[in-house]
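Top to bottom, those sequences are chains A and B.
Here the first sequence stands for residues 1 to 405, where the numbers follow the working numbering.
Here the second sequence stands for residues 1001 to 1405, where the numbers follow the working numbering.
Number of protein chains: 2
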Amino acid sequence: MKYDFSARAHTLLSSQLLSIRTQTRRGSMISLAEELPAEELFPLSLLAETASTVISADAGALQYGDPEGYGPLREWLIGDWLKAKGVAVAEGGVLLTTGSQQAIDLLSRVYIDPGDCVLVENPTSPGMLQALRMQGAVIIPVQGDRDGLLPDHLRSQILQHRPKMLYAAPSFTNPSGVLWSLTRRKEILELCIAHDVLIVEDDSYGDLHFERYNEHPLGKYPSLYALENVSDGGHVLYIGSFSKTVAPALRTGWAAGSRELISVMAAAKQMADWQSSSLNQRLLHHLLDVSAFDLREHIKLLNREYHTRFKLMIELLKRPAWKQSSYELPVGGMFLWVSLPDGMDVNALLRCALGKGVAFLPGPLCSVNGGGQYIRLNFTHPGRDELLLGMNLMSEAVTEFTARS
Amino acid sequence: MKYDFSARAHTLLSSQLLSIRTQTRRGSMISLAEELPAEELFPLSLLAETASTVISADAGALQYGDPEGYGPLREWLIGDWLKAKGVAVAEGGVLLTTGSQQAIDLLSRVYIDPGDCVLVENPTSPGMLQALRMQGAVIIPVQGDRDGLLPDHLRSQILQHRPKMLYAAPSFTNPSGVLWSLTRRKEILELCIAHDVLIVEDDSYGDLHFERYNEHPLGKYPSLYALENVSDGGHVLYIGSFSKTVAPALRTGWAAGSRELISVMAAAKQMADWQSSSLNQRLLHHLLDVSAFDLREHIKLLNREYHTRFKLMIELLKRPAWKQSSYELPVGGMFLWVSLPDGMDVNALLRCALGKGVAFLPGPLCSVNGGGQYIRLNFTHPGRDELLLGMNLMSEAVTEFTARS
């Protein structure tokens, strides 16, 4: 039969994201395209032990759980993890989701009607852009610099577009790696409070602060949520995930904020898939709260290793092929956001790179409009040898294209 | 701040489903309301062993996976499980989802625009109704009897409403437990093919066929998908789940059908949550394809036990309290759908029952409109003692209400 898809299903079909992901799964492909953590650093043996213990102990671990997520893990998040970050959340103010992407999708579904204006950092997360487009939002970019969004531009966009929401990732914006300054954080928060704009603060990358792995980041870079310091009725929904800090396959992210927002999102969650895996949530809770695993120490380990890989990538970008390229140096996150010479067609470059066996993410996927001369490179997943080989292949591709233009 | 939710978020807020679920999670409550399998029968030790083996063996088990789901599990589904049911699926024709509910939600999002007409059995799955309402569908009920949907009524509803889709569960409809006859299956399928109506066939309960646990059900009750026998471009999307047959906490369901439909749903899946837990999918695959676990034997065990519990519930329904109630006797599924005396307010009855410590599902949650004199009782989760106590409390509640009216 001829299938008659919904109007907005077509926004998904034109997505390049899925096809890049599919191609990078081929065995021999080196992927600098994705958001993958280093597999070598997963707490394998502790998780294997945990899984065996948790499943043997209680048949309830295999039963349906709460739509909001496993209670003890929510309590641990509220009482331990978030509290230590200055993020005060009331009981009932956390929803566990299938990664932070689901938190974003659920919020979009319960908060955005077709035609509603939403502000985003530009460039921004490809996943957020997809969710907003599927919801029929009018997406308005806000300009930023190396210190974060520009308050003047934000103000003028608010006044012109009357947006319902601002999506931002102040700590290591995906893809640019920008870490907003404290002043900027305060200015942006004040503007949104003054104009009643809901801020969706995505802190999925915030712990990956590799130059300061021995220093508590709370003092210098508090989240917008912590700055507002209202546990209920506030202007910030705080989103995070264990995908980058423990393991993605556990598919556990969260949204934290006002009970009113969270309860509506929980109802949407129940409608969407009843609940995420309570088995995974129990494994995480046991790992974090009972086993010998120490998440803070583990994050330090990740940051030391990611810093090393980052420095290697920077060295490799000093080669002649990249002479006309430019980039800022982030102090965390998972990506380098590289500006290529004017006029370079990044989609043609991608085809060439894929032919050589390496993948990257083209800038337009992270941009409301444009982004055509940018590419996003991931430095956390490939190990030393893979990074060397992958960057050699990338250099070849860039050289070929620079010669042509 | 005052949150300004999307228009259809309000369809979720008025949902009684979430509040019943929340209440039944209280420790002392006996729940006859939910769709829970018997915990005592979960393959605990095999799964504990499996988890330890799978996680220790390969760090890839904790990494991001494919949006479509873990390849070897999809292959097992296509090449073993579905094939044996006469369900022929092409490679690329299966999407793994977070339970069958997510398959339903994703399909609704990519196929239904606000105002589109969708036909449903009446009564039908509360989860399906929620997903359709959230999507803004116009939901049209089709009448049925103990053999399945009535072809004449289906034809007239198709001609009058020009629906895009029919949602049906021919094998043990939730909540009524109807098992469609072969003739009816053929008639309904032919009508939908003739009028190009997509059928969403939910077979989540199809294996729970407790009177015929020693007989292969394929011969007598083939799925609509198997009857059409087209692996690509067909009129049926076939939906199922491991939640009822292995364990719900693994949150693994699937949609199988035409590659075109599946690829669009996979794109929506990626937008919604990137992917379900590939760890859980690997655990399932190892359990089903490598370990000593035999799913077919396990299902026979479930059906023997569920049949015993079913017979006990039937016995308990012979008590005087239920004299004016009526019900059909299903030969499978998880529920009894009981019609109470005219004029009984099932929502008031629910409040009374909850006060006594027992929960059931009120009929209106399963109905497009009406359903007010029905209740749904689950017999698979409570063990013998719990069933006795729960049904005693239910009898008390019903007696009180019958005396009043």
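All C-beta atoms in this analysis are idealised placements derived from N, C-alpha and C, irrespective of residue type, glycine included.
Asked                                                                                                                                                      : Found
Is the Cβ-Cβ distance between Trp322/A and Ser395/A less than 9 Å?                                                                                         : yes
Buried or exposed for Ala84/A, please, with buried defined as at least 16 other CB atoms from any protein chain shown within 10 angstroms of its CB.       : exposed
Going by C-alpha distance, which of Leu96/A, Leu77/A, Leu95/A is nearest Val87/A?                                                                          : Leu77/A
Counting contacts by CB-CB distance shorter than 9 Å, is Tyr167/A in contact with chain B?                                                                 : no
Should Val272/A be flagged as near chain B, meaning a C-beta pair shorter than 9 Å?                                                                        : This sequence places Ala at residue 272/A; Val is not what is there. Yes, contact with chain B.
Grab me the residues of Leu1132/B's own chain with a C-beta within less than 8 Å of its C-beta, minus the 5 sequence neighbours each way, in chain order.  : Ser1108, Ile1112, Val1118, Val1120, Ile1139, Tyr1167
Tell me, please, whether the CB atom of Arg21/A is closer than 9 Å to any CB atom in chain B?                                                              : yes
Could you have a look at Arg21/A and say whether DSSP puts it in helix, strand or coil?                                                                    : helix
Can you name the start and end residues of the beta strand (DSSP E) that Gly240/A belongs to?                                                              : 236 to 241
Residues of chain B with a CB under 8 Å from the CB of Phe5/A: which are they?                                                                             : Val1110, Tyr1111, Val1264
Could one say the Cβ of Asp1116/B lies closer than 9 Å to chain A's Cβ atoms, at least one of them?                                                        : yes
Just the Cα atoms here: how many angstroms apart are Arg1185/B and Gln1143/B?                                                                              : 14 Å
Residues in its own chain within less than 7 Å of Gly1136/B by CB, not counting five upstream and five downstream?                                         : Arg1008, Pro1114, Gly1115
Does Lys2/A have its Cβ less than 9 Å from a Cβ in chain B?                                                                                                : yes
To which residues of the same chain is Pro67/A closer than 6 Å at the C-beta, ignoring the five residues directly before and after it?                     : Ala266, Lys269, Gln270, Gln275
Taking the alpha helix (DSSP H) that Pro37/A falls in, what are its first and last residues?                                                               : No alpha helix (DSSP H) contains Pro37/A, which DSSP labels as neither H nor E.
Straight-line CA distance for Ser100/A to Gly1065/B?                                                                                                       : 16 Å
Is it right to say Arg1282/B is buried, meaning 16 or more other beta carbons lie within 10 angstroms of its own, or is it exposed?                        : buried
Name, please, each residue of chain A whose Cβ falls closer than 7 Å to the Cβ of His1235/B.                                                               : Met1
Taking Cβ positions only, does Arg74/A come closer than 9 Å to chain B?                                                                                    : no
DSSP puts Ala1148/B in a beta bridge; with which residues?                                                                                                 : The question names Ala, but residue 1148/B in the sequence shown is Gly. DSSP lists Asp1145/B as partners of Gly1148/B.
Using CA atoms only, rank isn't needed, just tell me which of Gly177/A, Tyr3/A, Leu388/A is closest to Leu316/A.                                           : Leu388/A
On the DSSP bridge list, what partners appear for Tyr167/A?                                                                                                : Val120/A, Val200/A
Candidates Asp80/A, Val264/A, Met391/A: which alpha carbon is nearest Met1409/B's?                                                                         : As shown, chain B starts at 1001 and ends at 1405. That puts residue 1409/B outside it, with no answer to give.
What is the DSSP secondary structure of Asn229/A, reduced to helix, strand or coil?                                                                        : coil
Could you work out which residues of chain B lie near Glu480/A, taking near to mean beta carbons separated by less than 8 Å?                               : The displayed coordinates of chain A run from 1 to 405. Any statement about residue 480/A would go beyond what the structure contains.
Decide if Glu40/A is buried, meaning its Cβ has at least 16 other Cβ atoms within 10 Å, or exposed.                                                        : exposed
Can you list, in chain order, the residues of the region 247 to 264 of chain A whose Cβ is nearer than 7 Å to any Cβ on chain B?                           : Ala247, Pro248, Ala249, Leu250, Arg251, Glu260, Leu261, Val264
Grab the span of the alpha helix (DSSP H) containing Asn1347/B for me, first residue to last.                                                              : 1346 to 1356
With H, G and I counted as helix, E and B as strand and the rest as coil, what does DSSP make of Arg1376/B?                                                : strand
So Asn1174/B contacts chain A; which residues on that side make the cut at Cβ distance below 8 Å?                                                          : None at all; the shortest Cβ gap to chain A is about 13 Å.
Using DSSP with H/G/I as helix, E/B as strand and the rest coil, what is Gly253/A?                                                                         : strand
To the nearest angstrom, how far is the alpha carbon of Pro969/B from that of Gly1371/B?                                                                   : The structure shown has nothing for residue 969/B, since chain B only spans 1001 to 1405.
Please confirm whether Asp1289/B and Arg1259/B have their CB atoms less than 9 Å apart.                                                                    : no
Between the region 1153 to 1172 of chain B and the region 1028 to 1048 of chain B, can you find at least three pairs of beta-carbon atoms closer than 8 Å? : no
Figure out for me which residue from Ser1125/B, Arg1021/B, Ile1030/B, Leu1159/B has the closest Cα to the Cα of Pro1364/B.                                 : Ser1125/B
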